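Notes follow the structure.
In the numbering used here, the protein residues as written are 282 to 638.
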């Protein structure tokens with residue numbers, strides 16, 4: 282009898298299989314680099330590297346004179362010694378707008394663009410490769426380390442105020458502002474959707490963590506749930522009574538279906554584990570009709586939890602731990618948002634003229 286795979290195992294195996302397919306399209310010497318990455322990261326990280334590095338080597342084959350006449354399979358580490366920091370800069374500039382063959386329509390191309398965040402991510406992949414090769418003495422220099430990185434401008438953290446959270450959850454519960462077609466589906470999903478959104482707002486967990494939860498991961502004695510964090514570590518996350526009630530109500534509804542044997546906590550209308558994309562779309566649907574002046578996504582629900590928790594506790598390290606941030610510096614954006622809010626409230630209490638009694 283085959284062993285039952287958890288959701289996390291399935292995602293991991295799928296990522297490794299896709300990585301192996303990508304390796305076949307890249308220079309053979311990179312196989313050791315991917316083995317190294319798999320030993321220290323979750324499979325999704327080297328998989329992301331593989332896509333970015335394929336683009337980098339495609340650029341070199343097309344635009345760098347040393348690589349003319351070569352193919353992916355004939356590139357050697359020594360070829361990378363001919364790449365200068367200026368070549369890396371040109372690659373980053375190239376990412377602003379480039380074309381690649383359209384796999385669905387032979388002979389046609391598709392145009393792609395990247396903002397500075399996208400450029401920085403791809404540069405980080407190239408830097409990781411060079412760092413590994415330089416450390417292992419496969420290349421003589423590391424030009425990617427001194428190439429100029431795109432400047433990232435901090436954006437203000439978008440979060441919901443208390444009244445906006447109430448309006449949002451009311452809309453999830455009632456669906457009063459949805460279209461007629463949406464309302465027809467809403468009757469079938471409202472308890473599930475309320476449980477999902479309440480859980481996200483009440484714990485700050487990532488969507489990927491939320492959809493990976495199985496029913497057996499819930500503990501209503503301590504009001505806790507076991508999740509697999511980014512990077513593969515398991516952790517217990519605690520939630521309040523409002524979250525517990527929403528989850529219990531949803532599970533009671535699930536029990537009415539005698540054919541429901543799926544171990545996943547949240548299911549699609551097809552009875553399968555709900556996807557990250559489906560959660561993103563349902564949050565967008567309810568937010569568009571209840572919080573119209575802000576673009577609310579599942580990550581904004583996470584930011585809302587982070588800023589609210591800091592407002593209640595004043596403990597940035599507790600916020601970092603609750604959000605699953607390995608580096609507290611990642612959490613400072615929530616701190617900055619609270620500071621801005623506190624400055625705004627303080628300014629309202631400064632009076633320039635004496636108030637009449």
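Glycine included, C-beta positions come from ideal geometry on N, C-alpha and C. Nothing here was measured: the structure is a model prediction, and the numbers come from that model.
Straight-line gap, residue 549 to residue 469 (C-alpha atoms, nearest Å): So the alpha carbons of these two residues sit roughly 10 Å apart.
Rounded Cβ spacing between residue 505 and residue 517 (contact assumed at less than 8 Å): Between residue 517 and residue 505 the Cβ distance is about 5 Å, and since that is below 8 Å, they are a contact.
Coarse secondary structure for residue 574, derived from DSSP in three states: Correct three-state label for residue 574: coil.
Local Cβ density within 10 Å of residue 514, reported as buried at 16 or more and exposed below that: By the 10 Å Cβ count, residue 514 comes out exposed.
Residue 547 vs residue 487 beta-carbon contact at 9 Å: Against a cut-off of 9 Å, the Cβ pair of residue 487 and residue 547 comes out as no contact.
Sequence-distant residues of the same chain with beta carbon closer than 8 Å to residue 385, five excluded per side: When the five nearest sequence neighbours on each side are left out, no beta carbon in the same chain lies closer than 8 Å to the beta carbon of residue 385.
Three CB pairs or more closer than 8 Å across the region 341-352 and the region 382-402: No: fewer than three Cβ pairs fall under 8 Å.
Candidates 499, 582, 292: closest to residue 479 by CA position: The shortest Cα separation from residue 479 among 499, 582, 292 belongs to 582.
Reduced DSSP category for residue 519 - H, G, I as helix; E, B as strand; rest coil: Strand, per DSSP.
Closest Cα partner of residue 605 within the set 552, 326, 512, 593: The option with the nearest alpha carbon to residue 605 is 512.
In DSSP terms, what residue 392 is bridged to: Looking at the DSSP output, residue 392 shares a beta bridge with 380.
Closest residue to residue 476 among 305, 499, 444 (Cα-Cα distance): The shortest C-alpha separation from residue 476 is found at 499.
Residue 506 - partner residues in DSSP beta bridges: 499, 518.
Residue 388 versus residue 375: straight-line alpha-carbon distance, rounded: Taken atom to atom, the span from the alpha-carbon of residue 388 to that of residue 375 is near 22 Å.
Three-state class that DSSP yields for residue 548 in the structure shown: For residue 548, the three-state secondary structure derived from DSSP is strand.
DSSP three-state assignment for residue 417, whether helix, strand or coil: The answer is coil: DSSP assigns residue 417 none of H, G, I, E or B.
Separation of residue 466 from residue 450, as counted between CA atoms: Their backbone Cα atoms lie some 17 Å apart in a straight line.
Distance between residue 564 and residue 369 (C-alpha atoms, nearest Å): Distance between the alpha carbons of residue 369 and residue 564 is about 39 Å.
Close-in-space but distant-in-sequence residues of the same chain around residue 492 (CB under 6 Å, 5 per side omitted): By the criterion of a C-beta distance shorter than 6 Å, residue 492 is surrounded in its chain by 555, 557, once the five residues flanking it on both sides are discounted.
Identity of the residue in 371, 310, 481 nearest residue 337 by Cα: Distance from the Cα of residue 337 is smallest, within the candidate group 371, 310, 481, for 371.
For residue 408, three-class secondary structure by DSSP: Three-state DSSP puts residue 408 in a helix.
Status (buried if at least 16 other CB within 10 Å, exposed otherwise) for residue 440: With 16 or more other Cβ atoms inside 10 Å of its own Cβ, residue 440 counts as buried.
Status (buried if at least 16 other CB within 10 Å, exposed otherwise) for residue 494: A residue is called buried once 16 or more other Cβ atoms fall within 10 Å of its Cβ, and residue 494 is buried on that count.
Integer Cβ distance of residue 459 from residue 428, believed to fall under 8 Å: With 8 Å as the limit, residue 459 and residue 428 do not qualify as a contact, their Cβ atoms being about 49 Å apart.
C-beta contact flag for residue 353 and residue 332 at 9 Å: Their beta carbons are not under 9 Å apart, which means residue 353 does not touch residue 332 by this criterion.
Local Cβ density within 10 Å of residue 501, reported as buried at 16 or more and exposed below that: The residue in question, residue 501, is exposed, as its Cβ has fewer than 16 Cβ neighbours within 10 Å.
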